[in-house]
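Asks:
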DNA sequence: ATTTACAGAACGATCGTTCGTTCAGAAGAC
DNA sequence: GTCTTCTGAACGAACGATCGTTCTGTAAAT
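Residue numbers (my numbering), protein chains in the order written: chain A, 1 to 211; chain B, 1001 to 1211.
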């Protein structure tokens, strides 16, 4: 029975960052689970679905993960880690000007969501399928990324470079623009990922009333 | 086992628009299902969970809906209908100026997502849990709402009132700002729903480079 | 008397997980 | 260099629980 599905996830394989997941069968499990969880959601994809796609028996998965929830937890944690590293790295390389810092953050944020659409979807939609204990590492990472964004907005305001009507609402809007990329952006369209990132940078600077 | 959960959904009852769902037990089922589907997702909430919250036996639900999927389908359809009616009504009342039209659309869009956060979440996250046939009515409504937004952006560009770097990306960003409201906005905060809508209107006009 | 809304029991299917086993390959003993 | 031991990954069967749904009966309302 066919389901509707975001158009941006056309790629046959779900992209998992090279740094994440380890190697061998363990990594294969994470890659296929990423694909299935993104398409069917955590509760909608069964261990047997996952095993079938891997051409393994369901029981074989338990040699690599202690439960289905632990597979999701690792995806969600790794996704948040890659995102935070990307945003933080861009920020550190951006110098002291809040406008440059904001450009760097938005660019990194957009690149992540355009480059890893499956991971972005799973990270954002399935985190709350985890018990608090398993979600905690990802929640902590998310808090850091949010704080970076809020701090740059606030610093820009304090320095007179940004003049948004409402700082928190602006920060939320900036985050939202990136978060939704996997649901509409088609990487094979006329707008590639790099161009999209630059367009979002431009939109954000306009929103903030920057130079 | 506690799960993480959007902060904006603090309200005890999940709000369902008065126009939607009918009356009596049928409406109660939709209200409680809305609450559960928003919190646990469609696959994560069982018929027995739903019946327990309603203080009914599972079998009693089938006097009102022919399947679990039909409950979700009705929520998703009604949600899209209320959203489209709201946006279209605002647009029709706005006159011919694209700036006024955009203000009206963004205001209606934001009000919907702030006023019906549970419904907005279910509409956006659980639509793809439905087989194409059951999703079709909602998909058709969604297409109309998207077209309204895109048309207003395009008309504003043609008339020289908007100058976004990329029309489609701008339209997506505008939609995204509203869609994410249920995940962060706390209606009991200093920023109420009406103020939030005005802030988003302001952000959007800046983005579009309008007057 | 018919219809409606529910209860209660039960259906087969599928869920996540565990069990005992097999088998290939590495490590160590002789 | 051969034999033995151990380890890790995988299979196939099975577990109890829960899934969505259906059936039968009943009590109240029309």
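Built from N, CA and C at the ideal position, the CB exists for glycine as well.
Source: prediction; values computed, not measured.
Classify residue 1126/B as buried or exposed, calling it buried when 16 or more other Cβ atoms lie within 10 Å of its own Cβ.
Replies: As a first step, residue 1126/B must be located in the second chain, where it is residue number 126. That one is buried.
Asks: What do you reckon, are the CB atoms on residue 75/A and residue 37/A nearer than 8 Å?
Replies: In the first chain, residue 75/A corresponds to position 75, counting from 1. In the first chain, residue 37/A corresponds to position 37, counting from 1. Cβ atoms of residue 75/A and residue 37/A: closer than 8 Å.
Asks: Residues of the stretch 1103-1126 of chain B in Cβ contact with chain A at a cutoff of 8 Å, in chain order, please.
Replies: So the list reads 1125, given in the order they occur along the chain.
Asks: Are there 16 or more other CB atoms within 10 angstroms of the CB of residue 1158/B, so buried, or fewer, so exposed?
Replies: What you label residue 1158/B is simply residue 158 of the second chain in a count that begins at 1. By the 10 Å Cβ count, residue 1158/B comes out exposed.
Asks: Could you have a look at residue 1039/B and say whether DSSP puts it in helix, strand or coil?
Replies: Within the second chain, numbered from 1, the residue matching residue 1039/B stands at position 39. Three-state result, residue 1039/B: helix.
Asks: Count the other CB atoms, across all protein chains shown, that sit within 10 Å of the CB of residue 1096/B; report buried if there are 16 or more and exposed otherwise.
Replies: Along the second chain, one-based indexing puts residue 1096/B at 96. With fewer than 16 other Cβ atoms within 10 Å, it is exposed.
Asks: Taking contact to mean 3 or more Cβ pairs, one atom from each stretch, closer than 8 Å, check whether the stretch 1113-1128 of chain B and the stretch 1169-1187 of chain B are in contact.
Replies: Yes: at least three Cβ pairs fall under 8 Å.
Asks: Under the rule that 16 or more other beta-carbon atoms within 10 Å means buried, what is residue 202/A, buried or exposed?
Replies: In the first chain, residue 202/A corresponds to position 202, counting from 1. Result: buried.
Asks: Could you work out which residue in 143/A, 142/A, 168/A and 144/A is closest to residue 154/A when comparing CA atoms only?
Replies: Locating residue 154/A in the first chain gives position 154, where the first residue counts as 1. Checking every option, the nearest Cα to that of residue 154/A belongs to 168/A.
Asks: Residue 27/A and residue 80/A: beta carbons closer than 8 Å?
Replies: In the first chain, the residue the question calls residue 27/A occupies position 27. In the first chain, the residue the question calls residue 80/A occupies position 80. In this structure, residue 80/A does not lie closer than 8 Å to residue 27/A by Cβ.
Asks: Any C-beta of chain A sitting closer than 8 Å to the C-beta of residue 1149/B?
Replies: The residue given as residue 1149/B occupies position 149 in the second chain. So, not an interface residue.
Asks: Within this structure, are the beta carbons of residue 148/A and residue 105/A separated by less than 8 Å?
Replies: Within the first chain, the letter at position 148 stands for residue 148/A. Within the first chain, the letter at position 105 stands for residue 105/A. Yes, they are a contact pair.
Asks: Going by C-alpha to C-alpha distance, which of 1172/B, 1199/B, 1165/B and 1138/B sits closest to residue 1084/B?
Replies: Counting from 1 along the second chain, the entry for residue 1084/B is found at position 84. Looking at the Cα atoms, 1138/B is the closest of the given residues.
Asks: For residue 202/A, go through chain B and note every residue whose CB falls closer than 8 Å to its CB, in chain order.
Replies: As a first step, residue 202/A must be located in the first chain, where it is residue number 202. Chain B residues near residue 202/A: 1165.
Asks: Here's the rule: buried if 16 or more other CB atoms are within 10 angstroms of the residue's CB, otherwise exposed. What is residue 1013/B?
Replies: Numbered from 1 along the second chain, position 13 holds the residue referred to as residue 1013/B. So residue 1013/B ends up on the exposed side.
Asks: Alpha carbon to alpha carbon, how far is residue 1067/B from residue 1056/B? Give it in angstroms, no decimals.
Replies: The residue given as residue 1056/B occupies position 56 in the second chain. The residue given as residue 1067/B occupies position 67 in the second chain. Cα to Cα, the separation comes out at about 16 Å.
Asks: Of all the options 86/A, 197/A, 22/A and 64/A, which has the alpha carbon lying nearest to the alpha carbon of residue 1166/B?
Replies: Here residue 1166/B refers to the residue found at position 166 when the second chain is read from its first residue. That would be 197/A, whose Cα lies nearest to the Cα of residue 1166/B.
Asks: Should residue 193/A be flagged as near chain B, meaning a C-beta pair shorter than 8 Å?
Replies: For the purposes of this step, residue 193/A is taken as residue 193 along the first chain, with counting starting at 1. Output row for residue 193/A: interface = no.
Asks: Helix, strand or coil, according to DSSP, for residue 1052/B in the structure here?
Replies: Residue 1052/B sits at position 52 when you count from the first residue of the second chain. Reduced to three states, the DSSP call for residue 1052/B is helix.
Asks: Compare the Cα-Cα distances from residue 1078/B to each of 1019/B, 1107/B and 1099/B and report the closest residue.
Replies: Translated into the one-based positions of the second chain, residue 1078/B becomes position 78. Nearest of 1019/B, 1107/B and 1099/B to residue 1078/B, Cα basis: 1019/B.
Asks: Consult DSSP for residue 1003/B and reduce its assignment to one of helix, strand or coil.
Replies: Within the second chain, the letter at position 3 stands for residue 1003/B. Residue state, collapsed to three classes: strand.
Asks: Helix, strand or coil: how does DSSP classify residue 117/A here?
Replies: Counting from 1 along the first chain, the entry for residue 117/A is found at position 117. Residue state, collapsed to three classes: helix.
Asks: What does residue 212/A reach in chain B if we use C-beta pairs closer than 7 Å?
Replies: Examination of residue 212/A is not possible in this model, given that chain A is present from 1 through 211 alone.
Asks: Output the distance between the C-alpha atoms of residue 1091/B and residue 45/A, rounded to the nearest integer angstrom.
Replies: Numbered from 1 along the second chain, position 91 holds the residue referred to as residue 1091/B. Numbered from 1 along the first chain, position 45 holds the residue referred to as residue 45/A. Distance between the alpha carbons of residue 1091/B and residue 45/A: 41 Å.
Asks: Of the residues 1192/B, 1041/B, 1071/B and 1163/B, which one's Cα is nearest the Cα of residue 1113/B?
Replies: Taking the first residue of the second chain as position 1, residue 1113/B is located at position 113. Considering only alpha carbons, the answer is 1192/B.
Asks: What did DSSP end up calling residue 137/A once you bin it into helix, strand or coil?
Replies: As a first step, residue 137/A is located in the first chain; it is residue number 137 there, counting from the start. It is helical.
Asks: Taking 8 Å as the cut-off, decide whether the C-beta atoms of residue 212/A and residue 17/A are in contact.
Replies: With chain A running from 1 to 211 in the structure shown, residue 212/A is simply not present.
Asks: According to DSSP, residue 131/A sits in a beta bridge with which residue or residues?
Replies: For the purposes of this step, residue 131/A is taken as the residue at position 131 of the first chain. Residue 131/A is bridged to 1003/B.
Asks: Starting from the C-beta of residue 1103/B, find all residues in its chain whose C-beta is less than 6 Å away, skip the five residues before and the five after it, and write them out in chain order.
Replies: Locating residue 1103/B in the second chain gives position 103, counting from the first residue. Correct list, in chain order: 1201.
Asks: Where are the beta strand (DSSP E) runs, 3 residues long or more, that stay fully inside the stretch 162-210 of chain A, in chain order?
Replies: As far as the stretch 162-210 of chain A is concerned, it has no whole beta strand (DSSP E) run of at least 3 residues.
Asks: Within a Cβ cutoff of 6 Å, which residues of the same chain sit near residue 1071/B, ignoring the five residues on either side of it in sequence?
Replies: Start at 1 with the first residue of the second chain, and residue 1071/B comes out as number 71. Excluding sequence neighbours, residue 1071/B sits near 1033 and 1065.
Asks: Closest to residue 1130/B by C-alpha separation, out of 1108/B, 1176/B and 1043/B, would be which residue?
Replies: Your numbering for residue 1130/B matches position 130 in the second chain. Considering only alpha carbons, the answer is 1043/B.
Asks: Under a CB-based cut-off of 8 Å, is residue 141/A close to chain B?
Replies: For the purposes of this step, residue 141/A is identified with residue 141 of the first chain, where counting begins at 1. No, because no Cβ of chain B sits closer than 8 Å to the Cβ of residue 141/A.
Asks: For residue 1159/B, does the three-state DSSP call read helix, strand or coil?
Replies: In the second chain, counting from the first residue as 1, residue 1159/B sits at position 159. Three-state result, residue 1159/B: coil.
Asks: Does the CB of residue 1041/B have a neighbour CB from chain A at under 8 Å?
Replies: Translated into the one-based positions of the second chain, residue 1041/B becomes position 41. Answer yes: the Cβ-Cβ gap between residue 1041/B and chain A drops below 8 Å somewhere.
Asks: Contact criterion: CB-CB distance below 8 Å. Does residue 52/A meet it with respect to chain B?
Replies: Your numbering for residue 52/A matches position 52 in the first chain. Answer no: the Cβ-Cβ gap between residue 52/A and chain B never drops below 8 Å.
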